[in-house]
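Quick note: the sequence shown uses the UniProt record's numbering, first residue 1, plus one each step. Before any comments, here is the structure.
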Amino acid sequence: MKKFAWLFLLVGLAACGRGPTATIPFNYNIDPTVQPTPSTIPDGPQGPRLLAAVEDAQGLKSTFVVDEVLFSPKNQGELQDFLSRYGGTVLSNNAVPNPPPGSGIVMDPKYAEPTEYLIKIDPTKLDLASFKADAEKAGLGGSFKISNDGGAKLLALVARTLANGQGASANFVGQATAPGDTVLLGTNEGSGNNAFNWPEFGDTGSRANVVRAWQFVAARGIPRRPRIAIIDGGFWLDNAGNSLTADFPTQPLQYDLVDGDYNAGGPNPGSCTGGNPCPWHGTGAASVALSALNNGAGAAGVAGQVADPILLKTNLDLFQVKHAVRAAVGWGADVISMSFTMCGFNLFCKIGFEVTGYFNAFEDALAAGLVLVAAAGNHGQNYGFAPCMLDGVICVGALADGSNTATSYSNYGSFVDIWAPTNIHAVYGANPPLGLALFGGTSASTPFIAGVAALMRVYNPSLTSDQVKTILQQTGYNNSPDPKVNYYVNAFAAVLNAAGNYLNPDPLEPNNTPTQASPPAPGLTYDLNLHNSADKDVFRINSTSYSRVNFIFNYPDGLGKLLLGNGIVKESGCGDTQLLQDQTGTNSRKIIVDIPPGNSLLTLSALARVPYNFSFNQLPLAIGPDANEPNETGNTARAVSQGGYSATLHSSTDVDYYSFTATSSSSKPFVFNIVSTDIPLTLQVFDASNNQIFSGSTGPDCSSLPAYTFPNGTASYTVKVSASAGEVGNYSFGLGSISLPPPPLITIFAFLNLWWLDPGDPGNRFIKGVKEGFIFERNVDIRSVELVGEGLHLNLYDLQGNKVAEGQQVSTPGGGRSGERLELGNLPAAQYALEVARTGEFADGSVRLPLIPYNLQLGVGP
1 MKKFAWLFLL
11 VGLAACGRGP
21 TATIPFNYNI
31 DPTVQPTPST
41 IPDGPQGPRL
51 LAAVEDAQGL
61 KSTFVVDEVL
71 FSPKNQGELQ
81 DFLSRYGGTV
91 LSNNAVPNPP
101 PGSGIVMDPK
111 YAEPTEYLIK
121 IDPTKLDLAS
131 FKADAEKAGL
141 GGSFKISNDG
151 GAKLLALVAR
161 TLANGQGASA
171 NFVGQATAPG
181 DTVLLGTNEG
191 SGNNAFNWPE
201 FGDTGSRANV
211 VRAWQFVAAR
221 GIPRRPRIAI
231 IDGGFWLDNA
241 GNSLTADFPT
251 QPLQYDLVDG
261 DYNAGGPNPG
271 SCTGGNPCPW
281 HGTGAASVAL
291 SALNNGAGAA
301 GVAGQVADPI
311 LLKTNLDLFQ
321 VKHAVRAAVG
331 WGADVISMSF
341 TMCGFNLFCK
351 IGFEVTGYFN
361 AFEDALAAGL
371 VLVAAAGNHG
381 QNYGFAPCML
391 DGVICVGALA
401 DGSNTATSYS
411 NYGSFVDIWA
421 PTNIHAVYGA
431 NPPLGLALFG
441 GTSASTPFIA
451 GVAALMRVYN
461 PSLTSDQVKT
471 ILQQTGYNNS
481 PDPKVNYYVN
491 AFAAVLNAAG
501 NYLNPDPLEP
511 NNTPTQASPP
521 APGLTYDLNL
531 HNSADKDVFR
541 INSTSYSRVN
551 FIFNYPDGLG
561 KLLLGNGIVK
571 ESGCGDTQLL
581 QDQTGTNSRK
591 IIVDIPPGNS
601 LLTLSALARV
611 PYNFSFNQLP
621 LAIGPDANEP
631 NETGNTARAV
641 SQGGYSATLH
651 SSTDVDYYSF
661 TATSSSSKPF
671 VFNIVSTDIP
681 LTLQVFDASN
691 NQIFSGSTGP
701 DCSSLPAYTF
711 PNGTASYTVK
721 VSASAGEVGN
731 YSFGLGSISL
741 PPPPLITIFA
751 FLNLWWLDPG
761 DPGNRFIKGV
771 KEGFIFERNV
781 DIRSVELVGE
791 GLHLNLYDLQ
801 GNKVAEGQQV
811 STPGGGRSGE
821 RLELGNLPAA
831 QYALEVARTG
841 EFADGSVRLP
851 LIPYNLQLGV
861 GP
C-alpha cells in the first residue's frame with residue numbers, strides 16, 4: 001500500500017472538502033502495456049472480477065476492480081441517487097459486526113451503522129466526457145496511464161463524485177507481503193535504479209551481502225515486522241506528520257521531543273561533525289535502515305522488506321536522548337539506531353551519564369531485550385564516544401567505499417564491534433531526484449547494521465543486543481588487511497544464522513520421490529523452493545504424444561545452484577527423453593527436452609536452500625523420416641557398419657531394413673542390439689538367402705531389449721525392425737564386435753559387454769546405463785583417448801582390474817560440448833579396458849536413465 005499513499009492522500013483531501021483545484025494539470029491516456037497483475041481476482045458473486053491498472057509518471061502502479069466503487073454518502077438519499085445514476089448494486093458495507101459473546105467488549109452503537117458502501121456499477125452508465133475537468137476540480141493533478149477504457153471510465157466516475165463534494169474511491173487491490181514472490185532477482189527503486197546493482201549491498205568490495213539476505217527473506221517469508229527507532233533530527237514530513245517520500249509509511253510512528261508533540265518533521269535542529277549543517281540527517285539514517293524495497297520510490301533500506309520506523313526527534317541533549325530511549329522501549333521497538341556521538345568517554349562524560357540517569361536508560365532498554373546500535377564517530381581517532389562506549393551497545397565503524405579497510409574519518413579502536421559500508425543510497429530531502437542521494441559517515445554505517453539486526457529479529461525476536469553482536473562477529477569477515485578492522489559485516493550469513501539456515505517447505509511438499517511427484521500444468525508459473533540441502537522436488541510431466549518441452553527456471557544463484565538431479569527421464573514403459581539444450585545463465589536455466597508419450601519425471605535438487613520459480617510449455621512434435629530412409633524393403637535396406645545409430649518408425653506402416661557384413665569369432669563376437677526404444681519393437685534377422693534366423697521382441701513395456709549374436713565367420717545379413725503394434729516412435733541400435741571381460745574386470749563392469757575398440761571406432765554413440773566399456777590394444781601409434789559428451793568421465797584399467805589413468809577435462813573446439821582427454825603416451829603397449837561412466841546423481845532404479853550422446857575416438861599420432 002505504500003506505493004499508493006500519495007494518491008490516497010489526494011483523494012482523502014478532496015473527499016473532506018480540503019482539496020483545491022489542481023495547480024498541476026491532469027492528463028491521462030489509455031495504454032494497454034500497463035497491465036494489472038493478476039488480471040482478475042476469482043471471488044466475485046458472478047465469477048471472476050476484472051481488474052484494471054493506473055500508473056503515474058514515476059511508474060508507481062495501482063490495481064483496482066474495473067466496475068466497483070467505494071462510496072461514502074452523507075445520507076440514504078445520496079446513496080439511492082448514486083445507485084440510480086450509475087445502475088449500482090450494493091455488494092457490502094462497512095458496518096462493524098457485534099463483538100462475539102463473552103468477549104467483554106461493549107461497542108459504541110455508531111459503529112454498527114454503515115458509513116461506506118461497496119457498489120457494483122453498470123459500465124454502460126459511465127463516460128469520459130468530463131474526466132479531465134472533474135479531476136482538476138477535485139484537486140487531482142499529474143499524468144497517468146490507464147490499462148483500458150473501462151478502467152478510465154471507472155476513475156472518471158470517482159473524479160466526478162469527488163468534484164461534487166462526495167466521498168468515493170476505486171476499489172484498489174493489494175498484494176500480501178509474505179510469502180509473495182519467493183524469487184527476488186532485482187528491484188525497481190525508480191528512475192531505472194536497481195538496488196541489486198548498488199555496491200554497498202553486493203558481495204564484492206565491502207562484501208556486505210545484503211542482496212542475498214533480501215533474497216533469502218523474500219523466499220522465507222516475513223513472520224513478524226520489527227520496529228527500528230531512529231533517534232535523530234531532520235525527518236522529511238509535512239505539517240500533518242505525513243511522510244514526503246513513499247519509501248516510508250504515510251504516517252509513521254513519531255514523536256518530537258523538542259516541541260513535545262506528535263509531529264517529528266522539519267529540518268534537523270542540530271548539526272553534524274564539525275558543525276556542518278545536515279538538515280535531513282534523520283531521514284537519511286531512517287532511509288538506510290528502512291526505505292521500502294522494490295517500490296519505485298527512491299531508495300532501498302537494509303531492512304526495507306520487513307521493518308517499520310519509529311521516528312524520535314531530539315536536539316541531542318542528554319535529557320531528550322534519554323527520553324527518546326525510554327519512548328522507544330515503551331512503543332515496542334526491536335532496535336534503536338543512534339547515528340550520533342555525545343561526548344568523549346572520559347571521566348566527566350561517565351559521571352554525567354551516571355548522575356543524569358542516562359546510563360540507566362540504556363540498561364533499561366537492554367533489560368527489555370532491545371538491540372542498541374550506535375556510531376563510532378567521524379573524528380578519525382582511536383577514541384571512544386558515548387553512547388558507543390556503553391556496555392551492550394553495538395558500536396559501528398565505517399569502511400572505505402568498495403573495500404574492507406577503514407575509511408579515513410571513522411573512529412577506531414577495540415570498542416568498535418563491527419564495520420559496515422558507508423555512502424549508502426538513501427532518501428535525503430526534497431532536492432535530489434526522488435530525494436535520492438548518498439548518505440555517508442558512520443551515521444550511515446550505523447542504521448545499516450540496525451537494519452541487519454532487524455532482519456535477524458524477524459526470525460528470532462528473542463535475540464539480545466549482545467547475542468546480535470556475537471552473531472555479527474562470528475558470521476562476519478575477519479580478513480581485513482587493515483589492523484583497525486576486526487570484523488566487517490556479512491548480512492546474509494548473519495540472517496541465515498538467526499533464521500536457522502532453512503526455507504519453509506513449499507505448498508507442493510512432500511514431493512521428494514517419484515511416488516510423491518507433483519503434476520504441474522503447462523503455462524503456469526510455480527513459486528517454490530528447495531528448503532534445505534536434502535530436499536528434492538520431483539514433478540511428473542504427462543504427454544499424450546511426442547512433444548518438445550521448454551522449461552524456464554529462475555532462481556537467485558547467489559543462494560545456490562539449481563541442479564537437475566537425474567534430469568528429465570521416462571518414468572516407466574518404453575521410451576527415453578532426449579535433452580536438446582541445457583543453458584545456464586545468471587539467475588536462470590533454460591532446458592529443452594523431447595519426451596515420448598507417457599509420464600516423465602523432472603527431479604530438482606540443490607546444494608543449499610534455493611527458492612525458484614519455473615514454467616514450461618509443451619509443443620506437439622512430429623516424428624519424421626530418419627537419415628536412413630528409404631529402407632522399407634529388403635531391396636532398399638540401408639548398408640550400415642559398426643557403430644551406434646538413431647532411427648525412427650515415422651508412420652504406422654513404416655519398417656526399417658539394414659544390411660551389413662558381420663565378422664564374428666569366439667573371442668570377438670559380432671552383435672546387433674536394440675539400445676533404446678520409445679515403442680514396442682520386433683527385431684528379425686535374415687541370412688544372405690533371406691532365411692529368417694532370429695526373431696525377438698521388446699515386450700509391450702520394453703522391459704527387454706532384443707539383441708542377436710551372429711555365428712562365427714564372415715557373412716552378410718539383413719535386419720528388419722518393425723513396431724509391434726504399428727506405433728510411431730524413435731529407437732536406437734548398436735552394431736559391432738564385442739568381447740567378454742576377463743575375470744578381473746567382471747566386478748568392475750558389472751557383466752557389461754565390452755566392445756572391441758579400434759582407431760576410428762566407435763564414433764558417435766549413446767550411453768543408456770550407468771557405464772559402458774571397451775577393450776583396445778595400445779601400440780606406439782595410439783597416443784590418447786578423446787571423449788566429447790556432457791556428464792561423462794573416462795577411467796582406464798589394465799586387464800587385472802587396476803585403474804591406471806583417468807580422463808582430464810578439456811575444452812572442445814568452437815565452444816561445443818565439454819569433453820575429456822586421456823593421455824596414453826607413458827603407458828606400455830598392452831590391452832586395456834576403457835570405462836565411460838556417468839557423473840553426478842544416478843537413478844535409484846525407479847526411473848530410467850536418459851540417453852546421453854557422446855563421441856569416443858582413439859587418438860593416433862606420431
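We put the CB at the ideal spot given by N, CA and C, even for glycine.
{"Check": "Give the secondary structure of K137 by DSSP, where H, G and I count as helix, E and B as strand, and everything else as coil.", "Outcome": "helix"}
{"Check": "Can you tell me whether A176 is buried or exposed? The criterion is at least 16 other CB atoms within 10 Å of its CB, across all chains shown.", "Outcome": "In this prediction, A176 scores a pLDDT of 25, lower than 50, which makes its location untrustworthy; no coordinate-derived value is stated."}
{"Check": "If contact is defined by three or more beta carbon pairs under 8 Å, each pair taking one atom from either stretch, is the segment 538 to 547 in contact with the segment 589 to 602?", "Outcome": "yes"}
{"Check": "Put S518 into one of helix, strand or coil per three-state DSSP.", "Outcome": "strand"}
{"Check": "Measure the alpha-carbon distance for F672 versus P711 and round it to whole angstroms.", "Outcome": "12 Å"}
{"Check": "From this set, Y488, E363, V329, which residue's C-alpha is nearest S403's C-alpha?", "Outcome": "Y488"}
{"Check": "Find the nearest neighbour of I674 within the set K720, Q516, T446, judged by alpha-carbon distance.", "Outcome": "K720"}
{"Check": "Identify the residues that DSSP records as bridge partners of I595: which are they?", "Outcome": "S547"}
{"Check": "Can you check which of these residues, D261, L162, Q305, A229, is closest to I222 by C-alpha distance?", "Outcome": "Q305"}
{"Check": "Give a yes or no on whether the C-beta atoms belonging to P611 and N529 are separated by under 7 Å.", "Outcome": "yes"}
{"Check": "Starting from A707, trace the beta strand (DSSP E) both ways and give me its first and last residue.", "Outcome": "707 to 709"}
{"Check": "Under 7 Å, do C395 and D364 count as touching if we go by C-beta distance?", "Outcome": "no"}
{"Check": "Would you check if the segment 260 to 270 and the segment 234 to 246 touch, i.e. whether three or more CB-CB distances between them fall below 8 Å?", "Outcome": "yes"}
{"Check": "Would you call the CB atoms of V335 and A168 closer than 7 Å?", "Outcome": "no"}
{"Check": "Starting from F201, follow its DSSP beta bridges and name the residues at the other end.", "Outcome": "None; F201 has no bridge partner."}
{"Check": "So, are the CB atoms of S410 and T442 less than 7 Å apart?", "Outcome": "yes"}
{"Check": "Answer with buried or exposed for G397, where buried requires no fewer than 16 other C-beta atoms within 10 angstroms of its C-beta.", "Outcome": "buried"}
{"Check": "Return helix, strand or coil for M456, following the three-state DSSP convention.", "Outcome": "helix"}
{"Check": "Please name the residue in L856, Q809, G789, R783 whose C-alpha comes closest to that of A830.", "Outcome": "R783"}
{"Check": "Give the straight-line distance between the Cα atoms of residue 899 and V785, rounded to the nearest whole angstrom.", "Outcome": "The structure shown does not extend to residue 899, since the chain is modelled only from 1 to 862, so the question has no answer here."}
{"Check": "Straight-line CA distance for A637 to Q578?", "Outcome": "27 Å"}
{"Check": "Can the beta-carbon of N193 be found less than 7 Å from the beta-carbon of G186?", "Outcome": "no"}
{"Check": "Hey, V820 and L794 are a contact pair by Cβ (cut 8 Å); roughly how many whole angstroms apart?", "Outcome": "According to the sequence provided, residue 820 is Glu. The question's Val does not apply to it. Yes, they are in contact, since the Cβ atoms of E820 and L794 sit about 5 Å apart, within 8 Å."}
{"Check": "Identify, in the order they occur along the chain, each residue of the same chain with its Cβ nearer than 6 Å to the Cβ of Q581, setting aside the five sequence neighbours on each side.", "Outcome": "I592"}
{"Check": "Going by C-alpha distance, which of Q76, N511, K803, F776 is nearest K668?", "Outcome": "F776"}
{"Check": "Do I119 and V158 come within 7 Å of each other at the CB atom, strictly closer than that value?", "Outcome": "no"}
{"Check": "Can you list, in chain order, the residues of its chain whose CB lies under 6 Å from that of A723, leaving out five sequence neighbours each side?", "Outcome": "L649, I679"}
{"Check": "Is the Cβ-Cβ distance between A400 and N460 less than 7 Å?", "Outcome": "no"}
{"Check": "Is the segment 239 to 246 close to the segment 480 to 487, with three or more CB pairs under 8 Å?", "Outcome": "no"}
{"Check": "Measuring CB to CB, does S518 end up less than 7 Å from F551?", "Outcome": "no"}
{"Check": "Go through its chain and collect everything with a Cβ distance to G734's Cβ below 7 Å, but skip five positions before and after it.", "Outcome": "G644, N673, V675"}
{"Check": "Look at the Cβ atom of A361, then the Cβ atom of R326, and state whether they are nearer than 7 Å.", "Outcome": "yes"}
{"Check": "Would you mind working out which of E835, V804, T250 sits nearest L824, comparing C-alpha positions?", "Outcome": "V804"}
{"Check": "What three-state label does DSSP hand Y854 in the structure shown?", "Outcome": "strand"}
{"Check": "Cβ of F616 within 7 Å of Cβ of V549?", "Outcome": "yes"}
{"Check": "Are the beta-carbon atoms belonging to S605 and L563 less than 7 Å from one another?", "Outcome": "yes"}
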